[in-house]
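Protein chains: 2
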Amino acid sequence: MGATKTDHFTESQNELAILAKALGHPARIAIIEYLLKVDACICGDIVNELPLSQPTVSQHLKELKNAGLIKGSIEGNSICYCINEPGLEKIKGFFEHISNHLAKKRNECC
Amino acid sequence: MGATKTDHFTESQNELAILAKALGHPARIAIIEYLLKVDACICGDIVNELPLSQPTVSQHLKELKNAGLIKGSIEGNSICYCINEPGLEKIKGFFEHISNHLAKKRNECC
DNA sequence: TATTTATATTGCAATATTACGATATTAAAT
DNA sequence: ATTTAATATCGTAATATTGCAATATAAATA
């Protein structure tokens, strides 16, 4: 054991879990926040922003990219990273959906 | 190594990461969706809804509770679980914040 | 009080994640 | 052509997560 039983769940559930999991590390939250703060795509500089080694940061960037939360394009000898909106909209939609449901049936129990 | 360097990040970053991580598994997404679907708190029955053993489900419920995404109160010999709104609002706020920022500076690059 | 029912905990094996040093790659600059 | 700079990959150790059988706990019911 140890492996998640992805095939027992719906595609949507697995997709949301992948997105959430990608944000389940403070370094990756920090990367998203940094990309947001600097107003634009950032070519280089991400490594210097984080208290982690270059290979570790590279790995975290790869995970965010695989999950569809950021995208990176080659820009000379550095890479230009920025937030990938569709990915973020998808997970944001999940929370909005929950929030709307909760608003409708407030305090019915508990 | 292998342990996350939580002390290198802000409290807010760690908090958001814990919330996201708790949702980083399809079974836990399924639990949240189920609690939402049934309109109210559910006493029992969660185990039967998931394609996992009772101990495994119990463990996932514990993680959601620790992260502050659900709450459970004892109700006779079963336990009544429901969504914990403050936890969900916190992570929802993060995505709204991102979305607002992105709306302001659309297509500046990439 | 014994049994049933619902949930939690323990212990453990399989797998995944985190982190980093060493090394590779690739494009710019000299 | 070499060197420099930025990023990726490999290898590996430490730790965390996933899943379940077995067992414990605690309340309801017979």
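Heads up: the sequence lines are chains S and Z, in that order. Going letter by letter, the first sequence gives residues 1 to 110 in the numbering used here. Going letter by letter, the second sequence gives residues 111 to 220 in the numbering used here. Backbone N, C-alpha and C fix where the C-beta goes; we use that ideal spot for every residue, glycine too. Small disclaimer: the values here were computed from a predicted structure and weren't measured.
Interface residues of chain Z around Gly24(S) at Cβ under 7 Å?
Correct list: Ala127, Ala130, Lys131, Gly134.
What runs of the alpha helix (DSSP H), each 4 residues or longer, lie entirely inside the segment 47-79 of chain S?
Listed in chain order, they are 54-67.
Should Leu190(Z) and Ile180(Z) be called a contact, given that it needs their Cβ atoms to be closer than 8 Å?
For clarity, residue 190(Z) is Cys in the given sequence; the question names Leu instead. No.
With a threshold of 16 other CB atoms inside 10 Å of the CB of Ile207(Z), please say whether the residue is buried or exposed.
This sequence places His at residue 207(Z); Ile is not what is there. Looking at its Cβ environment, which holds fewer than 16 other Cβ atoms inside 10 Å, His207(Z) is exposed.
By Cβ distance below 8 Å, which residues in the same chain neighbour Leu171(Z) in space, the five residues on each side in sequence not counted?
Cβ within range, chain order: Ile141, Ile156, Ile180, Gly182, Tyr191.
What are the boundary residues of the alpha helix (DSSP H) that Lys80(Z) is part of?
Here chain Z comprises residues numbered 111 to 220, so residue 80(Z) is not present and cannot be evaluated.
Hey, would you say His135(Z) sits closer than 8 Å to Thr10(S), going by beta carbons?
No. Outside cutoff.
Which residues of the segment 24-54 of chain S have a Cβ closer than 9 Å to any Cβ of chain Z? Give them in chain order.
Within the segment 24-54 of chain S, the residues whose Cβ lies closer than 9 Å to some Cβ of chain Z are Gly24, His25, Pro26, Ala27, Arg28, Ile29, Ala30, Ile32, Glu33, Leu36, Lys37, Asp39, Ala40, Cys41, Leu50, Pro51, Leu52, listed in chain order.
For the alpha helix (DSSP H) containing Lys21(S), list its first residue and its last residue.
Unbroken alpha helix (DSSP H) run through Lys21(S): 11-22.
Kindly say whether Lys175(Z), judged by its beta-carbon, lies nearer than 8 Å to any beta-carbon of chain S.
Not closer than 8 Å to any Cβ of chain S, the Cβ of Lys175(Z) fails to qualify, so no.
Nearest by alpha-carbon distance to Glu75(S): which of Leu19(S), Glu33(S), Gly44(S) is it?
Here the closest residue by C-alpha is Gly44(S).
If you measure from the beta carbon of Gln123(Z) to each beta carbon in chain S, is any gap under 8 Å?
Judged by the 8 Å Cβ criterion, Gln123(Z) is in contact with chain S.
Just to confirm, is the Cβ distance from Leu160(Z) to Ala137(Z) under 8 Å?
Yes, they are a contact pair.
Do we get a CB-CB distance below 8 Å when we pair Lys62(S) with the residues of chain Z?
Cβ-Cβ to chain Z under 8 Å: no for Lys62(S).
Provide the residue(s) that pair with Ile152(Z) in DSSP beta bridges, ordered along the chain.
Partner(s): Tyr191(Z).
Hey, does Ser99(S) have any beta-carbon neighbour from chain Z nearer than 8 Å?
Yes, contact with chain Z.
Compare the beta carbon distance of Ile128(Z) and Phe95(S) with 8 Å and say whether it is the shorter of the two.
No, these two residues do not count as a Cβ contact at 8 Å.
Quick one: which chain Z residues come within Cβ less than 8 Å of Ile83(S)?
Under the 8 Å cutoff, chain Z gives Ile208, Leu212.
What does the Cβ neighbour count give for Gly93(S), buried or exposed, with the cut at 16 atoms within 10 Å?
Gly93(S) comes out exposed.
Just to confirm before moving on: does the CB-CB distance between Leu16(S) and Ile139(Z) stay below 8 Å?
Against a cut-off of 8 Å, the Cβ pair of Ile139(Z) and Leu16(S) comes out as a contact.
Could you spell out the range, first to last residue, of the alpha helix (DSSP H) harbouring Lys37(S)?
Note, Lys37(S): alpha helix (DSSP H), 26-37.
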